[in-house]
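In UniProt numbering, the protein residues as written are 1 to 348.
We put the CB at the ideal spot given by N, CA and C, even for glycine.
Structure first, then comments.
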Amino acid sequence: MNEKLARKPLFNEFGDADLLKKRMINGNTTNLNDFNNMKYKWAADWYRQAMNNFWIPEEVNLGQDVKDYRRLVPAERAAYDKTLSFLIFLDSIQTANLPNIGEYVTASEVNLCLTIQAFQEAVHSQSYSYMLDTICSPEERDAILYQWKDDPLLLARNKFIGDLYNEFQRERTPFCLMRTLVANYILEGVYFYSGFMFFYNLARNGKMPGSAQEIRYINRDENTHLWLFRNIILEMKQEEPELFTSERVEVYRGMIREGVAQEIRWAEHVFGDKIEGLSSAMVRDYIRWLGNLRCAGIGFEPLFEDCRAEPPSMTWVSDYSNANMVKTDFFEARSTAYAKSGALVDDL
Numbered sequence: 001m002n003e004k005l006a007r008k009p010l011f012n013e014f015g016d017a018d019l020l021k022k023r024m025i026n027g028n029t030t031n032l033n034d035f036n037n038m039k040y041k042w043a044a045d046w047y048r049q050a051m052n053n054f055w056i057p058e059e060v061n062l063g064q065d066v067k068d069y070r071r072l073v074p075a076e077r078a079a080y081d082k083t084l085s086f087l088i089f090l091d092s093i094q095t096a097n098l099p100n101i102g103e104y105v106t107a108s109e110v111n112l113c114l115t116i117q118a119f120q121e122a123v124h125s126q127s128y129s130y131m132l133d134t135i136c137s138p139e140e141r142d143a144i145l146y147q148w149k150d151d152p153l154l155l156a157r158n159k160f161i162g163d164l165y166n167e168f169q170r171e172r173t174p175f176c177l178m179r180t181l182v183a184n185y186i187l188e189g190v191y192f193y194s195g196f197m198f199f200y201n202l203a204r205n206g207k208m209p210g211s212a213q214e215i216r217y218i219n220r221d222e223n224t225h226l227w228l229f230r231n232i233i234l235e236m237k238q239e240e241p242e243l244f245t246s247e248r249v250e251v252y253r254g255m256i257r258e259g260v261a262q263e264i265r266w267a268e269h270v271f272g273d274k275i276e277g278l279s280s281a282m283v284r285d286y287i288r289w290l291g292n293l294r295c296a297g298i299g300f301e302p303l304f305e306d307c308r309a310e311p312p313s314m315t316w317v318s319d320y321s322n323a324n325m326v327k328t329d330f331f332e333a334r335s336t337a338y339a340k341s342g343a344l345v346d347d348l
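What follows is the structure, encoded as structure tokens:
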């Protein structure tokens, strides 16, 4: 399975219309978006839910955050800045890379989902920029945006995912694609979570409520993205079993383990034991539990035997992300509520 992936043609008059012949990769696709005939039914459900998740960053009032930002203690303000720098960079990479994946996905309904995800990642980047533009001076904003150039640990974090994406640019093989899919899974399901918990922790301490609300919207989207990539990986597992030999599964598990280790190192670097309401031990246990959760989601053995259950000290994270408008099943990685009150509630 080291041959090159077939890049899908844009127009293919000889493509297969038979749903049974449709494949995730290397299929003979027509590229016709037929909403009434989809092989991957879960993609149709995901598409409807994603359309109902539409939101605009400026809907959230950041007036209180402008005042609170200046009152944050130095450790909180530094963590706020570094976390935003990290999040906006990775969402920018996601926006740019998803079309690269879509060029080789020959299931048209899955490509519809990837297109919506790319749009949502752009909205997330806009959201972070809106937060910075509102609470910071232009000079502060620019310094925060480019902290990854000067912070070696932040640069290393971005490089772990970015280098995997670049590898797929150089080597268009099914195995490199699988590594890219797993990298997406790590990004959506492990990498962002210490950042999310930091904003929720500020809000539960009565600080930066608007920022936490923006993160709720983003968190909801990211959970649907996680569910999307989990399903893509599971379909690949069925259709391309040679990509899931025991040796290759260990490669993917090793990637998730490294993602967990990097998230823990990052939290130690940015938060340590300097943030009220958080401790290094709390974050470490939570991220290790997430690593196990993500492995379970795609049928892999757990990475950490001592973190099989959600740490009692961190149940407030999912509780807080569920507040008011967002209800999230963290194991299934599904969003089951919507930003618009009139939207159809459709449990995936």
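Cβ shell of residue i (< 7 Å), same chain only, five flanking positions each side left out
i: PHE304; result: ARG288, GLY291, ASN292
i: ASN26; result: LEU5, ALA6, THR106
i: THR95; result: ALA118, GLU121, ALA122, SER125
Collapsed DSSP secondary structure at residue i in the structure displayed
i: VAL110; result: helix
i: ILE275; result: coil
i: VAL326; result: Since pLDDT at VAL326 reaches only 39, below the 50 mark, its modelled position is unreliable, and the value read off the structure follows with that caveat. Coil, per DSSP.
i: ILE56; result: coil
i: GLU121; result: helix
i: ALA309; result: coil
i: LYS39; result: coil
i: ARG7; result: coil
i: ASN31; result: coil
i: PRO302; result: coil
i: ASP151; result: coil
i: THR180; result: helix
i: ASP346; result: Bear in mind that a pLDDT of 32 at ASP346, under 50, signals an unreliable position, so the model cannot answer this.
i: ARG248; result: helix
Backbone CA spacing between residue i and residue j [nearest angstrom]
i: CYS176; j: ARG70; result: 45 Å
i: PRO138; j: ILE144; result: 10 Å
i: ASN28; j: ARG294; result: 31 Å
i: residue 365; j: TYR128; result: The structure shown does not extend to residue 365, since the chain is modelled only from 1 through 348, so no value can be given for it.
i: ALA6; j: MET24; result: 11 Å
i: ALA203; j: SER194; result: 14 Å
i: GLU268; j: GLU121; result: 26 Å
i: LYS274; j: LYS39; result: 51 Å
i: ILE93; j: LYS8; result: 22 Å
i: PHE86; j: PHE14; result: 45 Å
i: ALA323; j: GLN213; result: Model confidence at ALA323 stands at a pLDDT of 40, short of 50, so the residue's coordinates are unreliable; what they give is reported in the following sentence. Each residue's Cα considered, the two are about 10 Å apart.
i: ASP16; j: ASN36; result: 16 Å
i: SER246; j: CYS136; result: 50 Å
i: ALA107; j: GLU239; result: 12 Å
i: ASP346; j: GLN49; result: Any reading at ASP346 needs caution, since the residue's pLDDT is 32, under 50, leaving its predicted position unreliable; the model's value is listed next. Straight-line Cα distance between these residues: approximately 7 Å.
i: SER211; j: VAL251; result: 36 Å
i: LEU19; j: GLU103; result: 20 Å
i: LEU164; j: ALA183; result: 7 Å
i: LYS4; j: VAL249; result: 20 Å
i: LEU62; j: VAL73; result: 19 Å
i: THR173; j: ASN166; result: 13 Å
i: VAL260; j: ALA79; result: 19 Å
i: ASP306; j: ASP150; result: 36 Å
i: ALA75; j: GLU59; result: 28 Å
i: GLU258; j: PRO302; result: 14 Å
i: MET282; j: LYS22; result: 45 Å
i: ARG308; j: GLY297; result: 13 Å
i: TRP316; j: LEU154; result: 27 Å
Bridge partner(s) assigned by DSSP for residue i
i: ILE25; result: VAL105
Cβ of residue i within 7 Å of any chain B Cβ
i: GLY297; result: Among the protein chains of the structure shown there is no chain B, as only one such chain exists.
Contact set for residue i: own chain, Cβ-Cβ below 8 Å, skip 5 residues either direction
i: LEU112; result: ASN33, ALA43, TYR47
i: residue 397; result: The first residue shown for the chain is 1 and the last is 348, placing residue 397 beyond what the model contains.
i: ARG77; result: TYR69
i: VAL66; result: THR134, ILE135
i: ALA156; result: GLN262
i: GLN169; result: ASN100
Neighbourhood of residue i by C-beta, 6 Å cutoff - its chain only, sequence neighbours within 5 removed
i: VAL105; result: ASN111
i: MET178; result: LEU243
i: TYR286; result: PRO311, MET314
i: ASN158; result: PHE89, TRP148
i: TYR185; result: PHE229
i: THR30; result: ASN12, GLY15
i: ARG141; result: LEU132
i: ASN231; result: TRP42
i: LEU10; result: none
i: GLU109; result: MET38, TYR40, ALA43
Check whether residue i and residue j have beta carbons under 7 Å apart
i: ASN219; j: PHE199; result: no
i: GLY189; j: LEU226; result: yes
i: PRO241; j: TYR130; result: no
i: PHE192; j: GLU222; result: yes
i: GLY277; j: ASN201; result: yes
i: ASP91; j: SER125; result: yes
i: TRP55; j: TYR217; result: yes
i: LEU181; j: ILE161; result: no
i: ARG284; j: ILE256; result: no
i: LEU114; j: LEU98; result: yes
i: GLU152; j: GLN64; result: Looking at the sequence provided, one finds Pro at residue 152 rather than Glu. In this structure, GLN64 does not lie closer than 7 Å to PRO152 by Cβ.
Residue i CB to nearest heavy atom of the ligand GDP below 6 Å
i: ALA296; result: Among the components of this structure there are no ligands whatsoever, and the ligand GDP is therefore not found.
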